[in-house]
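Residue numbers (this note's numbering): 1 to 418.
Right, here's the structure in full:
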């Protein structure tokens, strides 16, 4: 205990240097923790679960996937035909729509565009990814929104980023005018609510029946011509399966079925699908993992090594006196390393814990859009990562200065003083 008190007192001997070292440590721990949080989340999203995971059915040869909506009736059953065929535990369909709140083509911009998926409200809480991670209060709020959506088919649930960008509030009405392939499909919505903060901040959802009814009504407004997407309006079918064996059976049933030949479809796990999509960001993620993070760790080690080296040079007389008083070389090493570890670990834990509170509770996530993911959070394990970063870099940065302090020669030091 006395040794720890001595270590703590030594950090107070030069407050300015200690504060500057702590600030440098804090900034670099913050960067490493944030980068680790993003990479950890993406790793979780692309890691295959062993039970109750999701499979996705898409068009085999086209991106974005476009399938006939008639596929949905049999795909949701896993293309089961024989009595012994395997059926999924649950299902959900997605139909994409892109619109704008501006009827004038000259005023269309990214700021007034809205990306919407048409889904069955009954499937929102059971099939949308991440709904099982909501807090009890968020879950109750989503249940209320879903109940409204079942009654009001012209309702829309919007992501927080979209609502903020459009300056809209719950209860207001909004008109969307179809863009690009969706031109001619216009909708009038009432905003029923907003998704919980997180992965759906940039997404909105409408009732599947409203979308299909507008698609069916298109010919009556356009001289009997069907909409160009009328026969290819289904984009993704989600299936929940109990385990790998069931997934393999369902995948074989679907891909071998004669029902899906024009166009053909493919079945893959959600993690595999996300991994394939994330290939577009491979270089960015590689740079974050293998360039930015190591660079931060090396820089932090150098910052600590420089601060400790200056301290050791200034305290050579002190180390000489300690040796005269009976301190062994190993104890000198522990003293110097202990000072660095105390500073690094305490600052690392405080920074990561503060970041956890700031990002998760106050900022409601880090806005860093990558693929399907708009917002990232700092997991509780991030506090341990901050402590580990502080400890490892402090240890690495203090070893050489500690060895220098260990080798201080008493006679040479006192000769200089004399």
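Where a beta carbon is used, it is the ideal one built from N, C-alpha and C, also for glycine.
Quantities reported herein were computed from a predicted structural model and do not represent experimental measurements.
| Check | Outcome |
| --- | --- |
| Enumerate, from N- to C-terminal direction, the unbroken beta strand (DSSP E) stretches of 3 or more residues contained entirely within the segment 207 to 280. | 236 to 243, 265 to 269 |
| Which one of 356, 357, 267, 290 has the shortest CA to CA distance from residue 59? | 267 |
| Where does residue 195 fall in DSSP's three states? | coil |
| DSSP three-state label for residue 94, please. | strand |
| Say yes only if the C-beta of residue 74 is nearer than 7 angstroms to one or more non-hydrogen atoms of the ligand MG, and no if none qualify. | As presented, the structure is devoid of all ligands, the ligand MG included, so that no description of it is given. |
| Between which two residues does the beta strand (DSSP E) holding residue 157 run? | 155 to 158 |
| For the beta strand (DSSP E) that residue 282 lies in, which residues bound it at each end? | Taken as a continuous stretch (DSSP letters only), residue 282 belongs to no beta strand (DSSP E), being part of the alpha helix (DSSP H) at 282 to 287. |
| With three or more beta-carbon pairs closer than 8 angstroms as the criterion, would you say the segment 198 to 205 touches the segment 113 to 124? | yes |
| State buried or exposed for residue 72, treating a residue as buried only when at least 16 other CB atoms are found within 10 Å of its CB. | buried |
| Can residue 378 and residue 342 be called in contact, C-beta distance under 8 angstroms? | no |
| Work out the CA separation of residue 387 and residue 408 for me, nearest whole Å. | 31 angstroms |
| For the putative contact between residue 390 and residue 347, defined by C-beta atoms under 8 angstroms, what is the C-beta separation to the nearest angstrom? | 6 angstroms |
| Which residue from 146, 344, 214 puts its Cα closest to that of residue 303? | 344 |
| Going by Cα to Cα distance, which pick from 395, 298, 286, 367 is closest to residue 333? | 395 |
| Checking the sheet assignment: what are the DSSP bridge partners for residue 27? | DSSP output for residue 27 lists no bridge partner at all. |
| I'd like to confirm the pairing. Which residues does DSSP put opposite residue 186 in its beta bridges? | 177 |
| What does DSSP give as the partner residue(s) for residue 99 in the beta ladder? | 114, 178 |
| Using the C-alpha atoms, what's the distance from residue 250 back to residue 79? | 7 angstroms |
| Nearest to residue 184 by alpha carbon, out of 151, 319, 262, 214? | 214 |
| Can you tell me whether residue 135 is helix, strand or coil according to DSSP? | coil |
| Going straight from the alpha carbon of residue 167 to that of residue 402, what length do you get? | 58 angstroms |
| Measuring alpha carbon to alpha carbon, tell me which residue in 298, 132, 339 is nearest residue 405. | 339 |
| Would residue 171 and residue 207 be called neighbours here (beta carbons separated by less than 8 angstroms)? | no |
| Quick check: the Cα distance between residue 327 and residue 284, rounded to an integer number of angstroms? | 51 angstroms |
| Counting only the same chain and skipping the five closest in sequence on each side, list residues whose C-beta sits under 6 angstroms from that of residue 120. | 208 |
| If we call anything under 8 angstroms between Cβ atoms a contact, is residue 359 one with residue 367? | no |
| On the premise that residue 383 lies in contact with residue 57, defined as a C-beta separation below 8 angstroms, what is that separation, rounded to the nearest angstrom? | Actually they are not in contact, since the Cβ atoms of residue 57 and residue 383 sit about 40 angstroms apart, beyond 8 angstroms. |
| How big is the Cα-Cα spacing for residue 158 and residue 138? | 15 angstroms |
| Is residue 122 helix, strand or coil by DSSP? | helix |
| With 16 other CB atoms within 10 Å as the buried threshold, where does residue 362 fall? | exposed |
| How is residue 172 classed by DSSP in three states: helix, strand or coil? | coil |
| Could you tell me which residues DSSP puts in a beta bridge with residue 375? | 367 |
| Cα separation between residue 37 and residue 20? | 26 angstroms |
| Using 8 angstroms as the cut-off, can you tell me whether the segment 143 to 151 makes contact with the segment 174 to 188, which would need three or more C-beta pairs spanning the two stretches below that distance? | no |
| Should residue 235 be labelled buried (16 or more other beta-carbon atoms within 10 Å of its own) or exposed? | buried |
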